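Undergrad: Could you have a look at this structure, given as structure tokens, before my questions?
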Amino acid sequence: MLTVGVDIGGTSVRAGVVNADGAVIDITRALTPGEEGPLEDAITTAVAELATRHHISAVGLAVAGFVATDRRTVRFAPHLAWRQAPVAQRLSRRTGLPVVLEHDANAAALAEHRFGASRGAKIAVMVALGTGIGGALLIDGKVYRGAHGVAPELGHLRLVPDGRPCPCGKNGCWERYCSGTALSTTAVELLAKNPGVSTVLVREALHDSRAITGRRVAAAARDGDPLALRAMADLAKWLGDGLALVADVYDPEMVVIGGGVSESAPLFLDDARERYAETITGAGHRPLARIRTAQLGDDAGLVGAATLARDLASHTTPNGRKR
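Mind the numbering: the sequence shown is residues 61 to 383 in this note's numbering, read in order.
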């Protein structure tokens with residue numbers, strides 16, 4: 061049975077065909093539209109394209125936002141247009157397939173538990189570093205959702221009072237200091253404070269400051285650019301501080317670092333582990349969580365969503381009702 065997983069982030073929509081072993085066998089992608097209708101058009105088009113090449117049984121959406129406990133409605137998404145939107149029903153009608161929704165970090169955590177880094181872990185936390193931060197908590201392999209389906213929203217823990225503004229409406233959220241977007245923001249701030257420094261990033265910023273994306277900063281850091289390395293060190297600090305806070309609350313056995321930023325983990329993860337170990341309450345007198353990078357990489361959310369779709373396809377009609 062083949063299913064489609066669609067990972068809907070703040071910057072891109074990635075749809076892939078996934079088999080029962082969790083392997084992505086075909087993929088398509090597009091930029092994330094800023095309005096509700098065009099976003100659903102983009103998802104429908106992606107699924108239709110893949111369906112021309114494969115027999116698809118169901119669709120799962122990994123959404124960067126709050127998903128209702130019935131996994132059919134998007135309540136709120138800081139980086140997307142949906143607000144209290146019956147997304148599963150609308151997309152089922154348009155695609156003619158069963159559709160299930162899941163928070164993107166929950167989907168990634170489930171995929172890593174079934175196929176990847178956290179197999180066998182009793183208490184596992186996923187921290188997905190992308191445009192923002194997605195968080196998930198698995199207890200004995202099951203997602204903890206909280207009373208209303210929105211837990212744990214780790215990216216919007218306030219780490220810096222009166223800090224950088226966040227699209228969620230608060231200031232100083234963890235993801236404003238530890239994400240792909242944060243890496244870009246930090247690099248631009250460092251450029252402004254060090255105008256006399258001559259680096260690759262400085263030269264590129266002179267032509268177009270918009271070119272200083274998180275991905276570009278990471279690439280410059282891999283090439284040894286000193287300003288980019290400082291931005292990466294800042295990200296490592298905030299990752300360690302945030303993980304210490306998360307561990308104080310959940311005391312996990314395993315933390316999996318995923319999302320697109322995790323591809324650059326060799327540049328920051330060792331420093332983040334050290335900061336975490338120093339900052340956690342009771343440092344030196346308690347076991348520490350193992351911290352690993354996601355084995356499925358940037359595909360984890362997509363694979364998890366497709367796996368949930370497969371689990372439900374055998375007993376779900378296209379309108380989301382049980383057979």
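Beta carbons are placed, not taken as given, at the ideal position from N, Cα and C, and that holds for glycine. A quick note: this is a predicted structure, and the numbers were derived from the prediction, not measured.
Compute the Euclidean distance between the alpha carbons of residue 334 and residue 221, then round it to the nearest angstrom.
TA: Whole-angstrom Cα-Cα distance: 24 Å.
Undergrad: Quick one: any contact between the region 197 to 205 and the region 232 to 244, if contact means 3 or more CB pairs under 8 Å?
TA: Taking 8 Å as the limit for Cβ pairs, the verdict is that the region 232 to 244 does not touch the region 197 to 205.
Undergrad: Using a beta-carbon distance below 8 Å, is residue 76 in contact with chain C?
TA: Of the chains in the structure shown, none is chain C; there is only one protein chain.
Undergrad: Could you pull the start and end residues of the alpha helix (DSSP H) that residue 178 belongs to?
TA: Residue 178 -> no alpha helix (DSSP H), and no H or E assigned at all.
Undergrad: Looking at residue 74 and residue 362, is the spacing between their C-beta atoms short of 8 Å?
TA: Yes, these two residues count as a Cβ contact at 8 Å.
Undergrad: Tell me which residues share the same chain as residue 207 and place their Cβ nearer than 7 Å to its Cβ, disregarding the 5 neighbours each side in the sequence.
TA: Answer for residue 207: no residue qualifies.
Undergrad: Who are the Cβ neighbours of residue 328 in its own chain at under 8 Å, not counting the five residues just before and after it?
TA: Hits under 8 Å: 292, 293, 295, 296 and 299.
Undergrad: Taking Cβ positions, are residue 245 and residue 224 nearer each other than 8 Å?
TA: Closer than 8 Å, so yes.
Undergrad: In whole angstroms, give me the CA-to-CA distance for residue 70 and residue 139.
TA: The alpha-carbon atoms of residue 70 and residue 139 are separated by roughly 5 Å.
Undergrad: Which residues mark the beginning and the end of the beta strand (DSSP E) in which residue 144 is found?
TA: Per DSSP, residue 144 belongs to the beta strand (DSSP E) from 143 to 145.
Undergrad: Return the Cβ separation of residue 107 and residue 119 in integer angstroms, given the expectation that the two are a contact with Cβ distance under 8 Å.
TA: Confirmed, Cβ separation roughly 6 Å.
Undergrad: When the Cα atoms are used, what is the spatial distance from residue 192 to residue 228?
TA: Taking the straight line from one Cα to the other gives about 11 Å.
Undergrad: DSSP three-state call for residue 292: helix, strand or coil?
TA: Helix, per DSSP.
Undergrad: Helix, strand or coil for residue 155, going by three-state DSSP, please let me know.
TA: Helix.
Undergrad: Could you check the C-alpha separation between residue 278 and residue 167 for me, to the nearest Å?
TA: About 25 Å.
Undergrad: Whose CA, out of 101, 272 and 305, lies closest to the CA of residue 153?
TA: Considering only alpha carbons, the answer is 101.
Undergrad: Are there three or more Cβ pairs, one per stretch, closer than 8 Å when the region 208 to 217 is compared with the region 89 to 104?
TA: Flag = no, the region 208 to 217 and the region 89 to 104 do not touch.
Undergrad: Tell me, which residues are paired with residue 384 by DSSP?
TA: There is no way to answer for residue 384, as the model of the chain reaches only from 61 to 383.
Undergrad: Per DSSP, residue 325 forms a beta bridge with which residues?
TA: Partner(s): none; residue 325 has no beta bridge.
Undergrad: Would you tell me roughly how many angstroms separate the C-alpha atoms of residue 282 and residue 343, rounded to the nearest one?
TA: Answer to the nearest angstrom: the Cα atoms are 31 Å apart.
Undergrad: With a threshold of 8 Å on Cβ separation, who are the neighbours of residue 145 within its own chain once the five nearest residues in sequence on each side are excluded?
TA: Excluding positions up to five away in sequence, the list reads 96, 133 and 134.
Undergrad: May I ask you to list the residues that DSSP assigns as paired with residue 75?
TA: DSSP output for residue 75 lists 66 and 88 as bridge partner(s).
Undergrad: Distance, Cα to Cα, residue 261 vs residue 272?
TA: Straight-line Cα distance between these residues: approximately 7 Å.
Undergrad: Let's see if you can read the secondary structure: which residues bound the alpha helix (DSSP H) around residue 107?
TA: Segment 96 to 111, the alpha helix (DSSP H) holding residue 107.
Undergrad: Once the 5 residues before and after residue 90 are set aside, which same chain residues still bring their CB inside 6 Å of it?
TA: Hits under 6 Å: 73 and 102.
Undergrad: Determine whether the beta carbon atoms of residue 157 and residue 148 lie at a separation below 8 Å.
TA: Contact: no.
Undergrad: Roughly how many angstroms separate the alpha carbons of residue 276 and residue 68, rounded to a whole number?
TA: Distance between the alpha carbons of residue 276 and residue 68: 21 Å.
Undergrad: Excluding the 5 residues preceding and the 5 following residue 325 in the sequence, name in chain order all residues of the same chain whose CB lies nearer than 7 Å to its CB.
TA: Closer than 7 Å at Cβ, skipping near neighbours: 317 and 353.
Undergrad: What would DSSP say about residue 378, mapped onto helix, strand or coil?
TA: Confidence at residue 378 is low in this model, with a pLDDT of 48, below 50, so the placement of that residue should be treated as unreliable; the coordinate-derived value is given next. Residue 378: coil per DSSP, three-state reduction.
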